[in-house]
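Protein chains in written order, with the working numbering: chain A, 1218 to 1284; chain B, 737 to 986.
Structural data, given as structure tokens:
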């Protein structure tokens, strides 16, 4: 059991890292993009905007802790 | 164009990881002997080859659009991690990776560690070199497999990685010391920007987006990511400098 847990934790840390909100933000942005495209609304701009917002929020959190 | 990006991305990512693995291997090998250390390195390479041979064919069986969403999202999340750390290091919020200091620390720890013999090997040397090479190599394998599978050319992606491994390996043998002068953060910054760019492009394409200019949009996204990242570095550097000055005055 502990092997499975450690295996899962390793991959979580490997892909998601120390800020889970980045992964959540990207997944939400992808879902919204898919929904907009499904409604025939052009949504290519959404992912670059999401990247900026997710990165800004993640950096802000780290620097707030440091400050 | 994307073939060049493919090779360049895997080359840079592999070079960065190889420099880090080399630091550990050199410290262990020099302080405790090469036999167990090199067996650890060889075992890690075999383990990585098994991971690649299992995951590679599995990835190529996934339908292309599902693969784009899955791999694109993974690359994007992974790339943003690299980019975030590189921005924090460039702006002073996180210490730069100092290979010389890490080497000295590893060397001291390796010298003081007790000798335990298992399977006729110095277990400390074996496990440390195995872990170092396997964990750093896993990131390379991840990038090579994901980039290669979407591009439909895993061997081409592997060429970039192999070139980096050979060049850094030879440099390590010649210098016989950690490669402290490699601009590691600049390389990490570049890889982070590339992973973020490709992740954005492929994930969006996978959920149905038609990028203006088709593949040429990759260059536009890369330029956008770089401008934004440099902006964050400049802004955070100013903020960090103000913080340091305020602390000195207090």
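Don't be surprised by glycine CBs; every beta carbon is placed ideally from N, CA and C.
Problem - Residue-level contact to chain A via CB, residue 943 of chain B, 7 Å cutoff - result: yes
Practice task
Assign residue 865 of chain B to buried or exposed, taking buried as 16 or more other Cβ atoms, counted over all protein chains shown, within 10 Å of its Cβ.
Solution key: buried
Problem - residue 951 of chain B, DSSP secondary structure in three states - result: helix
Exercise for the section: Look at the alpha carbon of residue 912 of chain B and the alpha carbon of residue 869 of chain B, and state the distance between them as a whole number of angstroms. Expected result: 17 Å
Exercise for the section: Consider the Cβ of residue 964 of chain B: report whether some Cβ of chain A lies at a distance smaller than 7 Å. Expected result: yes
Problem - Sequence-distant residues of its chain with Cβ nearer than 7 Å to residue 775 of chain B (five each side left out) - result: 857, 862
Handout entry: Cβ contact (3+ pairs, closer than 8 Å) linking the segment 754-772 of chain B and the segment 1265-1282 of chain A
Key = The way I'd put it, the segment 754-772 of chain B doesn't touch the segment 1265-1282 of chain A; fewer than three beta-carbon pairs between them come closer than 8 Å.
Practice task
Give a yes or no on whether the C-beta atoms belonging to residue 881 of chain B and residue 791 of chain B are separated by under 7 Å.
Solution key: yes
Handout entry: Pairwise C-alpha distance: residue 1240 of chain A and residue 753 of chain B
Key = 23 Å
Exercise for the section: Could you name the residues of chain A that residue 869 of chain B contacts, counting a contact when the two beta carbons are closer than 7 Å? Expected result: Simply none; closest approach about 16 Å.
Handout entry: Span separating the alpha-carbon of residue 1222 of chain A from that of residue 952 of chain B
Key = 43 Å
Exercise for the section: Please decide whether residue 947 of chain B counts as near chain A, where near means a Cβ-Cβ distance under 7 Å. Expected result: yes
Handout entry: chain A residues whose Cβ lies nearer than 7 Å to that of residue 823 of chain B
Key = 1276
Handout entry: Amino acids of chain A, ordered along the chain, whose beta-carbon sits closer than 7 Å to that of residue 813 of chain B
Key = 1232, 1233, 1239, 1240, 1243
Exercise for the section: Could you spell out where the alpha helix (DSSP H) holding residue 692 of chain B opens and where it closes? Expected result: Outside the shown range of chain B, which is 737 to 986, sits residue 692 of chain B, and nothing can be said about it.
Handout entry: Where residue 802 of chain B falls: helix, strand or coil (DSSP)
Key = Assignment of residue 802 of chain B by DSSP, reduced to helix, strand and coil, places it in the helix class.
Practice task
Check whether the segment 1253-1265 of chain A touches the segment 835-848 of chain B, taking contact to mean three or more Cβ pairs, one atom from each stretch, closer than 8 Å.
Solution key: no
Handout entry: Closer than 7 Å to chain A by CB, residue 816 of chain B
Key = yes
Exercise for the section: Please state whether DSSP places residue 858 of chain B in a helix, a strand or coil. Expected result: strand
Problem - For residue 928 of chain B and residue 818 of chain B, believed in contact at Cβ under 8 Å, the rounded distance - result: The pair is a contact, with the Cβ atoms about 3 Å apart (cut-off 8 Å).
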